[in-house]
Amino acid sequence: MTTSVEPIIEQTEQKLLAFCRQRGLFKPGDRVIAACSGGADSMALLLFLLRCRRQLSVRVLAAHVDHGIRGEASRRDADFVREFCRRSGVELFVYDAVKEGVAIPEHPSEDWARRLRYAWFDRLAAREEAKIATAHTLSDQAETVLFRLARGTGLHGMTGIPARRGVYVRPCLCVTGAETATYCRALGQSYVQDFTNETDDYARNRIRHHAMPALAGVNPAAERSIGRFCRQMQELDDWLSGEAAALLQAADLGDGYDIERLRAADGPILKAALHSLIVPVRDAEEKYVSLLRFLVLRGEGALQLTPQVTYKVKNGALVRVAPPGTLPPPAPPQPALPGLYRLPGGYCLQIERQKYEEFLKNAPIFKKDLNCCADYDKIQKSIQLRTRQPGDFFRPAGRHVSKSLKKLFNELGTSPADRALAPLLADGSEVVWLWGCGFAEGLAPTAATRTVCVVRAWRDTEE
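Residue numbers for the sequence shown follow my numbering, so the first one is 16 and each next one is one higher.
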């Protein structure tokens, strides 16, 4: 390696490390599976994780998906990744759609390939109790935003690709596609090129080949500008999500939502709340949000979202009509701030913060259930109150082992209804508090604790 490329390598890795730390993408001891197609972006991701695994304190593995679309070219890509992982001593998981008996469409779309890929990643993450790192870059972020704008989207769509969602982390969102290729070249690492990326058959390719160069002609830093815009939209969307969840809490009547409460809300907050009601049922396209908002403002009528689910206004309430036995939708994810939460299924949570001295005075109250208390400083301040997501895992107190929620629910004999609606507090895919289990291992207050987080949980039997 010549000294001329060392600054490129150093600068790229420092930028990626800073981004990972700033966004809290990894914790010491994480098992991280890099999704690797063999292209420049994914090879840069895998190289970075391998070279910086000690700084990140993670174990690195890899995964490759052969969609069965490109025949011999796909097999060559898989062999390329296999050989790299063999030489580097990296455990590799490979999914071969043809060998798995998947029916390949005559003209497979990007969306079909994506759904196939992520369905397997979800299963792999749960089985291996690992995070999945994907190689999305700033260039992908810009293309995604333009694509959504062209198709029609709202504020939520403008947040772009999140750096962290459930088990998925995206360390390369702070660098462009050009930078990942430069990083690979600086390290002397070859990579494969997918010939389908060179055609204009797919909409994203047309954006990449024509729209992005045009924008770069206006501003060479266009990709970074769009990335900055996405971060601003993410912050706004996070705030709106919290306000929307609070609105639905305040308007909840048990069997519906008070129309007058909904009407009194500011427009953007109302739209965000209605968006969260639609998401569990179908794609929350802007037209459905607008139609449901019109229903609320008019105070009468009905909107059928699917053959099974309809929202209608009845006796001053917005009511969800579904077949008997259908579970209510879970509450939308929201910041786990101190307060009282009444959630679908009759679940109730009271989250409190107490000074340690105050906690000690009340300690006898908690003797029978110390799992309801945690050292507040040991918990990420960005934890969310939500229900389970694919890849979630939990470390039960006293068990000294992490378990996927699926395995834990199986052990506990948790009913399907409770699996769908039981509340939890989570930092990404790491569950820090779970209904019926309390706080995770390692979070209990100690003599060094300054602030205690207390969660009281009960169920409203009248729900």
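By construction, the Cβ of each residue, glycine as well, lies at the ideal position given by its N, Cα and C atoms. Note that this is a predicted model, so its numbers are computed, not measured.
Straight-line gap, residue i to residue j (C-alpha atoms, nearest Å)
i	j	result
glutamate 179	glycine 443	A quick correction: the sequence has arginine, not glutamate, at residue 179. In a straight line, the C-alpha of arginine 179 is about 7 Å away from that of glycine 443.
aspartate 475	cysteine 452	18 Å
alanine 77	alanine 193	23 Å
arginine 223	glutamine 156	11 Å
arginine 219	histidine 151	14 Å
glycine 39	alanine 435	27 Å
threonine 466	cysteine 387	14 Å
arginine 297	alanine 288	15 Å
alanine 437	phenylalanine 424	11 Å
isoleucine 24	alanine 472	50 Å
alanine 201	arginine 185	22 Å
leucine 61	valine 334	49 Å
alanine 317	arginine 239	43 Å
aspartate 215	leucine 439	45 Å
serine 124	leucine 262	39 Å
valine 469	alanine 389	7 Å
aspartate 126	aspartate 267	36 Å
phenylalanine 136	isoleucine 147	7 Å
glycine 428	proline 411	16 Å
glutamate 372	methionine 227	58 Å
arginine 368	valine 73	32 Å
glycine 86	glutamine 247	42 Å
aspartate 209	serine 57	12 Å
glutamine 399	serine 256	11 Å
glycine 269	glutamine 323	20 Å
histidine 82	cysteine 363	44 Å
arginine 91	valine 182	29 Å
Beta bridge counterpart(s) of residue i as assigned by DSSP
i	result
arginine 278	Partner(s): none; arginine 278 has no beta bridge.
proline 350	Gln399
leucine 161	None, per the DSSP bridge assignment.
phenylalanine 309	Answer is none; phenylalanine 309 lacks a bridge partner.
isoleucine 468	Residue 468 is actually cysteine in this sequence, not isoleucine. According to DSSP, cysteine 468 bridges with Arg368, Ala389.
glycine 453	Leu449
alanine 288	None, per the DSSP bridge assignment.
leucine 355	Gln365
leucine 318	Tyr326
phenylalanine 34	Looking at the DSSP assignment, phenylalanine 34 forms no beta bridge with any residue, so it has no partner.
aspartate 407	Note: aspartate 407 sits in no beta bridge, so no partner.
alanine 332	Asp273, Lys329
Nearest to residue i (by Cα), restricted to the options the options
i	options	result
glycine 116	Leu131, Gly104, Arg102, Leu449	Leu131
glutamine 319	Glu275, Val311, Tyr303	Tyr303
isoleucine 366	Arg102, Leu352, Arg357, Pro359	Leu352
lysine 329	Arg357, Tyr272, Val294	Tyr272
glycine 104	Lys114, Cys187, Val96	Val96
glutamate 445	His415, Asp81, Ala231, Leu420	Leu420
histidine 290	Ala236, Pro347, Gln247	Pro347
tyrosine 110	Ala88, Ala134, Glu87, Arg102	Ala134
glycine 413	Ala459, Ala437, Glu372, Trp450	Ala459
arginine 69	Arg276, Glu28, Glu143, Gly175	Glu28
glutamine 404	Glu426, Pro345, Lys370	Pro345
leucine 254	Phe210, Tyr362, Leu285, Pro235	Note that residue 254 corresponds to tryptophan in the displayed sequence, not to leucine. For tryptophan 254, the nearest C-alpha among the options comes from Leu285.
glycine 340	Arg142, Met248, Pro431, Arg66	Pro431
alanine 140	Phe374, Ile241, Gly257, Arg46	Arg46
arginine 129	Leu251, Ser52, Leu153	Ser52
lysine 114	Ala88, Val80, Glu98, Arg142	Val80
arginine 221	Arg278, Val182, Thr159, Leu277	Thr159
cysteine 67	Cys35, Tyr326, Ala93	Cys35
glutamine 26	Leu164, Pro177, Thr195, Ala165	Thr195
As assigned by DSSP and simplified to three states, the class of residue i
i	result
arginine 414	coil
leucine 423	helix
alanine 389	strand
leucine 458	coil
tyrosine 371	helix
aspartate 442	strand
threonine 325	strand
alanine 337	coil
valine 304	helix
tyrosine 206	coil
isoleucine 394	coil
arginine 200	helix
alanine 435	helix
glutamine 29	helix
arginine 180	strand
arginine 474	strand
alanine 299	coil
leucine 188	helix
alanine 193	helix
threonine 168	coil
Any chain B beta carbon closer than 8 Å to residue i
i	result
glutamine 26	As a matter of chain content, chain B is missing from the structure shown, which is built from one protein chain.
Within the segment 37 to 101, note down every full alpha helix (DSSP H) run reaching 4 residues or more, in order along the chain.
Counting only runs of 4 or more, we get 55 to 66, 68 to 71.
Which runs of the alpha helix (DSSP H) at least 4 residues long sit entirely within the segment 215 to 270? Give them in chain order.
Segments of the alpha helix (DSSP H) lying fully in the segment 215 to 270: 218 to 221, 227 to 233, 237 to 266.
Can you check the segment 94 to 159 for any beta strand (DSSP E) of at least 3 residues that lies completely inside it and give the ranges in chain order?
107 to 111, 146 to 148
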